[in-house]
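Each remark here refers to the structure printed beneath this line.
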Amino acid sequence: MTQDESPIPLTVLMRSFNEADRIEAAIRSALPLRAEILVIDSGSTDATVAIAESLGARVVSNPWGGFGPQRRFGEGLCTHDHVFSMDADEVLTPELVWEIRGIFLHGRPPALMKVRKAMALPHHDRPPPFAFCTEQIYIYDRRVARTIENPNWDHLDIRTGETPRRLRAVAWHFTYRDWNHAVAKANYVAELAARTSPPRSNLELSARLVVEFPFYFLRFYFLRRLFLAGTDGFAMATILAFGRFLRIAKMREQAVSRAIDPAVRAADEAR
48 MTQDESPIPL TVLMRSFNEA DRIEAAIRSA LPLRAEILVI DSGSTDATVA
98 IAESLGARVV SNPWGGFGPQ RRFGEGLCTH DHVFSMDADE VLTPELVWEI
148 RGIFLHGRPP ALMKVRKAMA LPHHDRPPPF AFCTEQIYIY DRRVARTIEN
198 PNWDHLDIRT GETPRRLRAV AWHFTYRDWN HAVAKANYVA ELAARTSPPR
248 SNLELSARLV VEFPFYFLRF YFLRRLFLAG TDGFAMATIL AFGRFLRIAK
298 MREQAVSRAI DPAVRAADEA R
């Protein structure tokens, strides 16, 4: 076995739920890494598990407890200390695979690495030209970074002062299957935020309700360059901004209910 074919000490960690239509592309794109692939499945009723296992992934079932708890559960099962948190709706470009393997094959890998992701719009096979890239630490050493137990987010608790290394190549993120999926996901995330976020004042939420949609539409359409994607970019910016608006509307609904219903207030205090 030559060095270029050698496995690397990295675990690709995926969460899944009914991803039969997308997980094959995700796993196939990660196979050239020659890393362990671990899928934490939250009870899929389609062929997700069978597809993942047929491609050589190790699959473990765990009931869904939210974004943070699910990833933290998976971190504890990884064979390797370096973890690459990858979604089942993402595709690694060959350039990104080559860059990651080069890092692991030539010396000690950094504890933290930032991965850039470009979103592909529904019904598109790749991100638009000059697409905006989100950037976050997705490759990390679990000995110095672990996911916090927050059901809304999968942020890391980082216990090192080491500067993260920024990878140059990009992953493609196929976030939404179609426009209906985009709207449904916006509603789900908004509902989750309303149920689990710390209580906010009705005054604050009422003020944000007025500005949330136009602020985020401009942010997504211009600052995140969705205008480059034509009509589909306009539709995507509208849905994303609506999702932000819906989150505040549902949080305000909770705040109003809390103020007039002692049972709701007691439930919040119990959490």
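The sequence shown runs 48 to 318 under the numbering used here. We put the CB at the ideal spot given by N, CA and C, even for glycine.
Could you pull out every residue in the same chain whose Cβ sits closer than 8 angstroms to the Cβ of residue i, ignoring the five residues on either side in sequence?
{"i": "D128", "result": "P56, D188, R189 and R190"}
Going by DSSP, name the residue or residues bridged to residue i.
{"i": "T58", "result": "E83 and V130"}
{"i": "C180", "result": "A165"}
{"i": "M160", "result": "I186 and R212"}
{"i": "L203", "result": "T194"}
DSSP three-state call for residue i: helix, strand or coil?
{"i": "T222", "result": "coil"}
{"i": "A233", "result": "helix"}
{"i": "A302", "result": "helix"}
{"i": "V191", "result": "coil"}
{"i": "E137", "result": "strand"}
{"i": "D88", "result": "strand"}
{"i": "R247", "result": "coil"}
{"i": "R272", "result": "coil"}
{"i": "R242", "result": "helix"}
Buried or exposed: which applies to residue i, given that a residue is buried once 16 or more other Cβ atoms fall within 10 Å of its Cβ?
{"i": "I195", "result": "exposed"}
{"i": "E137", "result": "buried"}
{"i": "C301", "result": "The sequence shown places Gln at residue 301, not Cys. Looking at its Cβ environment, which holds 16 or more other Cβ atoms inside 10 Å, Q301 is buried."}
{"i": "R299", "result": "buried"}
{"i": "E142", "result": "exposed"}
{"i": "F221", "result": "buried"}
Might you give, ordered along the chain, the residues of its own chain that have their beta carbon closer than 6 angstroms to the beta carbon of residue i, omitting 5 neighbours on each side?
{"i": "R271", "result": "F179"}
{"i": "A322", "result": "This structure leaves residue 322 out entirely; the chain is present only between 48 and 318."}
{"i": "R212", "result": "P157 and M160"}
{"i": "G280", "result": "L273 and F274"}
{"i": "N197", "result": "G115"}
So, at 7 angstroms on beta carbons, what are the nonlocal neighbours of residue i in its own chain, with the 5 sequence-adjacent residues on each side left out?
{"i": "T285", "result": "F264"}
{"i": "S253", "result": "R299"}
Pairs of beta-carbons, one from the segment 282-301 and one from the segment 228-243, closer than 8 angstroms: are there three or more? Flag = yes, the segment 282-301 and the segment 228-243 touch.
Any 3 or more C-beta pairs closer than 8 angstroms across the segment 118-133 and the segment 58-78: yes
For the segment 148-155 against the segment 246-265, are there 3 or more C-beta pairs whose distance is under 8 angstroms? no
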